[in-house]
Amino acid sequence: MPPKKIDIIDGRTALDAVRAADAAGEKPQRTSLATAVRYLLQLLDEKAPGGTVEVRVPPFGAVQVIQGPRHTRGTPPNVVEMDAATWIAVATGVEDWADAAASGRVHASGTRADLSGVLPLRP
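For what it's worth, the numbering used here labels the leading residue of the sequence shown as 41, then goes sequentially.
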């Protein structure tokens with residue numbers, strides 16, 4: 041059974057709460073952070089459905105996206121992993137994908153593990 045979809049209002053509210061906490065120099069509430077991350081992963085899945093690249097944002101979620109050969113078992117050949125703050129920044133366009141990858145905050149492996157063609161998202 042697929043996970044329950046996050047409502048656009050709930051997703052945007054969580055994203056706004058995370059942004060407000062960051063602007064105030066505070067740590068965002070874990071529930072808001074988790075919802076914001078999952079909401080943006082959901083938007084990525086809607087924008088670029090597929091099973092070629094696995095995008096991981098531990099411990100909050102992961103999604104397989106991008107059209108191409110589907111991965112079904114073991115470690116996928118194309119993996120992108122980053123922390124929640126980095127994911128929110130690149131997904132919303134606050135930070136450029138190339139800059140985040142060059143800084144080492146994005147760990148990407150595989151020939152298709154470049155999300156610059158599908159980011160930023162428009163939450």
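We put the CB at the ideal spot given by N, CA and C, even for glycine.
All of these numbers come straight from a predicted model, not from anything done at the bench.
Within a Cβ cutoff of 7 Å, which residues of the same chain sit near residue i, ignoring the five residues on either side of it in sequence?
{"i": "Leu165", "result": "Nothing about residue 165 can be reported from this structure: the residues present for the chain run from 41 to 163 only."}
{"i": "Glu135", "result": "Ala129"}
{"i": "Ala141", "result": "Ala148"}
Kindly indicate the opening and closing residues of the alpha helix (DSSP H) around residue i.
{"i": "Gly101", "result": "No alpha helix (DSSP H) holds Gly101; the beta strand (DSSP E) holding it covers Gly101 to Val105."}
{"i": "Val58", "result": "Ile48 to Ala63"}
{"i": "Val130", "result": "Ala124 to Thr132"}
{"i": "Asp139", "result": "Trp137 to Ala142"}
What residue range is occupied by the uninterrupted beta strand (DSSP E) comprising residue i?
{"i": "Val97", "result": "Pro89 to Val97"}
{"i": "Ala148", "result": "Val146 to Ser149"}
Below 6 Å CB to CB, which residues in the same chain sit around residue i once its five sequence neighbours on both sides are set aside?
{"i": "His147", "result": "Glu121"}
{"i": "Ser143", "result": "none"}
With C-beta atoms as the reference, is residue i less than 8 Å away from residue j?
{"i": "Ala74", "j": "Leu55", "result": "no"}
{"i": "Ala63", "j": "Val119", "result": "no"}
{"i": "Leu155", "j": "Trp127", "result": "no"}
With 16 other CB atoms within 10 Å as the buried threshold, where does residue i fall?
{"i": "Glu66", "result": "exposed"}
{"i": "Glu86", "result": "exposed"}
{"i": "Pro68", "result": "buried"}
{"i": "Arg70", "result": "exposed"}
{"i": "Gly108", "result": "exposed"}
{"i": "Ala60", "result": "exposed"}
Near residue i, which residues of its chain fall below 8 Å by C-beta distance, leaving aside the five closest residues on each side in sequence?
{"i": "Thr132", "result": "Leu55, Leu80, Pro160, Leu161 and Pro163"}
{"i": "Lys45", "result": "Gln82"}
{"i": "Val158", "result": "Leu84, Lys87, Ala88, Val105 and Ile106"}
{"i": "Gly150", "result": "Val93, Pro116, Pro117, Asn118 and Val119"}
{"i": "Gly90", "result": "Gln104, Val105, Ile106, Gln107, Gly108 and Arg110"}
{"i": "Val58", "result": "Pro68, Ser72, Leu73, Ala76 and Ile128"}
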